[in-house]
Every structure is written in C-alpha cells, then in structure tokens.
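Chains as they are written, first to last, in numbering that gives the first Met the number 0: chain G, 0 to 243; chain R, 0 to 243.
Before any comments, here is the structure.
2 protein chains.
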Amino acid sequence: MKNYRLTISYDGTRYHGWEYKKNVDTIQGKLEQVLGRLCDGEVKLIGAGRTDAGVHAQAMVANVHMDVEKTPEQIRDYMNRYLPDDIAITEAKEVSPRFHARYNAISKIYCYTCYDGPAKPVFQRRYVAVLEKTIDIKRMRAAAEYLIGEHDFKSFCGNSKMKKSTVRTIYSVEIERKGGYVTMQFHGNGFLQNMVRILCGTLIEVGYGRLKAEQMPEIMASLDRQMAGPTAPAQGLCLVEIYY
Amino acid sequence: MKNYRLTISYDGTRYHGWEYKKNVDTIQGKLEQVLGRLCDGEVKLIGAGRTDAGVHAQAMVANVHMDVEKTPEQIRDYMNRYLPDDIAITEAKEVSPRFHARYNAISKIYCYTCYDGPAKPVFQRRYVAVLEKTIDIKRMRAAAEYLIGEHDFKSFCGNSKMKKSTVRTIYSVEIERKGGYVTMQFHGNGFLQNMVRILCGTLIEVGYGRLKAEQMPEIMASLDRQMAGPTAPAQGLCLVEIYY
Numbered sequence: 000m001k002n003y004r005l006t007i008s009y010d011g012t013r014y015h016g017w018e019y020k021k022n023v024d025t026i027q028g029k030l031e032q033v034l035g036r037l038c039d040g041e042v043k044l045i046g047a048g049r050t051d052a053g054v055h056a057q058a059m060v061a062n063v064h065m066d067v068e069k070t071p072e073q074i075r076d077y078m079n080r081y082l083p084d085d086i087a088i089t090e091a092k093e094v095s096p097r098f099h100a101r102y103n104a105i106s107k108i109y110c111y112t113c114y115d116g117p118a119k120p121v122f123q124r125r126y127v128a129v130l131e132k133t134i135d136i137k138r139m140r141a142a143a144e145y146l147i148g149e150h151d152f153k154s155f156c157g158n159s160k161m162k163k164s165t166v167r168t169i170y171s172v173e174i175e176r177k178g179g180y181v182t183m184q185f186h187g188n189g190f191l192q193n194m195v196r197i198l199c200g201t202l203i204e205v206g207y208g209r210l211k212a213e214q215m216p217e218i219m220a221s222l223d224r225q226m227a228g229p230t231a232p233a234q235g236l237c238l239v240e241i242y243y
Numbered sequence: 000m001k002n003y004r005l006t007i008s009y010d011g012t013r014y015h016g017w018e019y020k021k022n023v024d025t026i027q028g029k030l031e032q033v034l035g036r037l038c039d040g041e042v043k044l045i046g047a048g049r050t051d052a053g054v055h056a057q058a059m060v061a062n063v064h065m066d067v068e069k070t071p072e073q074i075r076d077y078m079n080r081y082l083p084d085d086i087a088i089t090e091a092k093e094v095s096p097r098f099h100a101r102y103n104a105i106s107k108i109y110c111y112t113c114y115d116g117p118a119k120p121v122f123q124r125r126y127v128a129v130l131e132k133t134i135d136i137k138r139m140r141a142a143a144e145y146l147i148g149e150h151d152f153k154s155f156c157g158n159s160k161m162k163k164s165t166v167r168t169i170y171s172v173e174i175e176r177k178g179g180y181v182t183m184q185f186h187g188n189g190f191l192q193n194m195v196r197i198l199c200g201t202l203i204e205v206g207y208g209r210l211k212a213e214q215m216p217e218i219m220a221s222l223d224r225q226m227a228g229p230t231a232p233a234q235g236l237c238l239v240e241i242y243y
C-alpha cells in the first residue's frame, strides 16, 4: 500500500478536537469518513498529535496507508470537495512507507493569540481569546525566558495521571503585539496535554501583574499544576507547523 | 444635543445589510437598539452609506445626535459590551454638530477578496469568495485601467430604476495576489448600488479569460447592465475606509 502525507488546515470551533470519538464531530473522524469514501473501505489516519476541542491548525500533518488510483493532487482535490468548509487539505504527497506522522515529528510550533484592545476582534473572533484587561508583554517576555530549554513541565500538564516523562524542550517563545492583538509563539520538541494553554494562561497572569516573571522557576520546580495559571481558552490556540 | 461620530467594524454574514429593516437583523438596527438603551430613548443613526446583506466593514462611519452623560470612550465601551460579537465600535468621538456621516464623506475604499488556490480558505471562509478556477491578475489589471477616472457607471449599477446620476469617479483600483488570495481594492468618490460587486464580477470574468480587457470601454459605454459580468458574491466585499 502507498503511504500519503496530508497537511491539514482546520478551524476547530465546531469540533470535539482532533481525535476520533464516536457520535461526535472530530477532525480525524471527518477526514477518515472522506478517505473511506475515496478508498471504498476503512482507513486509519495517523495524526502528528492531538489538538483539544476548539483548537485550530494551520498545518496539522497526518499520514495514511491506502491504495487508490489517483495522483496526490487528485486526492487533495477530492478531499477538499467532500470535506466541510472548515477543514482543508493544503497538501497531499506520497511519502516513504516508513514515514509516521507522530513518531517522525521533530518539533512543533504553536501560536496563541489574545486581544486586549478597546474594541472587539470582529473578524478574528473565533481565533483569539479576548482578555479582561490589558497585558504588559515586557513582563511576559521576561517570564517566558525561564521556559527556554529542557525542563520538567509537569506544573503545566493538564493530565494529572500522566505516567510518562513530562520533560520537554522549548526552543523559543516569541511574544509580539500588533495593536490589541498579542501573539505567543512556542517552538518545542513536544508539548504535554494542555501545556501550551496552561503556559499561556500563566504568562497572561504575569501580563496582568498578578504573577511575577521571577516566580516562573518556582512554579516550574514545584511540579504542581496548582501553582501555574489557568488553562487559557482553546479558541486562541493554533498549531502552526510541524517539523520532520 | 451632542453629535458623536462612531467608527464601526462588522462581520456582515448574519445581517440583512446595514440599513434598518423591521423584523430582520441589520447592522443599523442592532446599533440603534444599543444606542436606544444607552440614551433611554429613540435615536437615529446616520450611516455613511449602506452595505448589502452579507457585506462586511472594517471601518463604517456613522454619526448620532444624542445627550448622554458619558465620555466618548465610555460610549464605545458600553456599546461594545452590549453589541453582538460580530459588531464592534472601534472609535467614538464627539464632533461638530454639523458633521454628517453621509453628506461629508469625500471618498471610500472597498476591498474585494477572492480565492482561487487548490485548498480552501479555512480561516477566511466568511470573508472571501471562492472561485471556480484560477484567474490571471495581469489581464484584470489591464481591464481595471479603463475604470480609472470619471465615468458613467450605469452598466455596473444594480438598480435598474436609478434616476439620479450614475457618474462616479474611481481614483484607483489595486489588484494584488498573495498565494491563492486575490484582492481588488477600489478607491472612489462614491459607488452605486452593487457597483463594486458588479465591477469585481466583470474583472473576474476577464481574469478567467471569458472577457477581454479591451472590452471594458465598450461595456462602460453601453450603459447596459446586461453587458457587464455577474454580481460577485457579497461575502468577499469589505468597506475598508471612508475619507472626510
């Protein structure tokens, strides 16, 4: 069977996350449904990771083993025709049979967008979290510095029963402001469940002045979820890119 | 009474256009409802113009005469709190009693966005028109050249019973491509009903190769709506700016 790599863009608003679940709409479920129609049989899509309910992706990567008499471009066009408006295949290509979207992923970029301006983000409203007051990005950048490198991120893990290692490496955190929009972009070798959202929730607390940048090492060292800030709303988060 | 100038941003998807109509949702209707609550009485909002059902605005301008014991910032914040998510006041300020949003408008900028790429515009899907095939913007730019200047745009007017002058001046038409997204930006001293959408529908026909750029003068001179292209879908159109 051939192995196809798909790059997928989706607006997660309407979905119960990436991962297939019975009786509810999920991204993987929608994609497998259309792939099943294409192959006239059941297919299993392997995603690079799972995104939470309401989280978006510019370029999720997945692979699928299947036999179908179509070129990758025809597969892309077929899928885009039958997928709903809020899911698109931006690229389909045939790859080595050994390519595995999850195991081969080296690093990922996530971007979180929030808005603290005086108006409302009318056109971006599904993709940003509206904050209650303005945030100071200088303080947030100072706090983010402590996150860079290899650390145990257990304090920022949403799964309290996580048995595997909670050590991850963050290569960079870039915090930028454009008018009322503040973006926090994270590049790391992997992220724990809810990790980006908890990191953002914590950085926003620093931005508000409720936490100090200097408290970050202490929060991290505690390995205690209770010490970190709240989980920022899903709608502000977008999986931007996956490196292989 | 004081005169306030409001700058309004809206996603027109859910609305039956700008202008107040009984029993249906309109932008003016929603705004007057919140202003009425603010003033505890009826108020009449004067918009710079009307946008069709489904058309968006980054910066519509309107003015309203009212007496209220609030600063312009407080008016803005009050309105943003009570307006739905898809309408926002980006600025409120007190202006001269003589300021009239429609009569004083000197020129307007509209931007039309379409998509002709191989994927689908997932995040922009409410704000772009998806085309059936790719368009050639060089041909479209050549056609747009003929539109510049003062002309009778009757061929591009959606109101067949228009009794007033159909002469307008277009200062510039800028056509740009970014990946699969093509934008057409029009700056003019005023636009007839559906004029921008008919101009875009015609330019898209040129982009497809179904019309030639050189046919534009003939279409314009005919003063016949039937000679021009179709009215492009409302969702791609956005009122960008109004100059006073």
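Note that CB positions come from ideal geometry on N, CA and C, so glycine has one too.
Who are the near neighbours of residue i in its chain, counting only those whose CB is closer than 8 Å to its CB and skipping five residues on each side?
i        : result
VAL60/R  : ARG4, LEU5, THR6, ILE7, GLY46, ALA47, ALA100, ALA104, ILE241 and TYR243
SER159/G : ARG224
LYS244/R : Past the boundaries of the shown model lies residue 244/R; chain R is included only from 0 to 243, so the question cannot be answered.
LYS132/G : ASP115 and TYR207
GLY157/R : LEU191, GLN192, ASN193, MET194, ARG196, ILE197, ARG224 and THR230
GLY148/G : THR168 and ILE169
Let me confirm a value: residue i is counted as buried when at least 16 other C-beta atoms fall within 10 Å, else exposed. Which label applies?
i        : result
MET78/G  : buried
TYR114/G : buried
LYS107/R : buried
PRO216/G : exposed
TYR111/G : buried
ARG75/G  : buried
PRO96/G  : exposed
TYR19/R  : buried
ASP39/R  : exposed
ASP66/R  : exposed
GLY235/G : buried
Less than 8 Å between the beta carbons of residue i and residue j, yes or no?
i        : j        : result
GLY28/G  : GLY116/G : no
VAL195/R : ALA142/R : no
MET219/R : TYR145/R : yes
ARG209/R : ASN188/R : no
ALA118/G : ALA87/R  : yes
VAL172/R : PHE185/R : yes
VAL129/G : ASP10/R  : no
GLY53/G  : THR12/G  : yes
LEU191/R : TYR109/R : no
HIS64/G  : MET0/G   : yes
Who are the near neighbours of residue i in its chain, counting only those whose CB is closer than 6 Å to its CB and skipping five residues on each side?
i        : result
ASP51/R  : GLY16 and ALA233
LEU198/R : PHE155
LEU82/G  : VAL33
GLY228/G : GLY200, THR201 and GLU204
Leaving out five residues before and five after residue i in sequence, what residues of the same chain have Cβ atoms less than 7 Å from its Cβ?
i        : result
PRO71/G  : TYR3, ALA91, LYS92 and GLU93
VAL23/R  : HIS15
LEU202/G : MET139, ALA142, ALA143 and MET183
PHE98/G  : ASN2, ARG4 and ASN62
ALA212/G : ARG138, ALA141, ALA142 and VAL205
LEU222/G : ASP151, LYS153 and SER154
VAL42/G  : GLU31, LEU34, GLY35, VAL63 and MET65
ARG176/R : ILE136
ILE134/G : ASP115, VAL181, ILE203, GLY206 and TYR207
What first and last residue would you give for the alpha helix (DSSP H) that runs through residue i?
i        : result
GLU149/G : That residue, GLU149/G, is in no alpha helix (DSSP H); its beta strand (DSSP E) goes 148 to 151.
LEU238/R : Run containing LEU238/R: none in the alpha helix (DSSP H); it sits in the beta strand (DSSP E), 236 to 242.
PRO71/R  : 71 to 81
ALA233/G : Unbroken run through ALA233/G: none, as it is neither H nor E.
GLY206/R : 194 to 207
ILE218/R : 215 to 221
ARG138/G : 136 to 144
How is the beta strand (DSSP E) around residue i delimited, first residue to last?
i        : result
GLY46/R  : 44 to 46
VAL23/G  : Counting along the chain, VAL23/G falls outside any beta strand (DSSP E), and DSSP gives it neither H nor E.
GLN184/R : 180 to 187
CYS110/G : 106 to 114
Taking the DSSP output, what are the residues bridged to residue i?
i        : result
ILE7/G   : MET59/G and ILE88/G
VAL166/R : ASP151/R
ILE174/R : MET183/R
LYS245/R : Because chain R in this structure spans residues 0 to 243, residue 245/R falls outside the shown range and cannot be described.
GLU93/G  : TYR3/G
VAL129/R : TYR114/R
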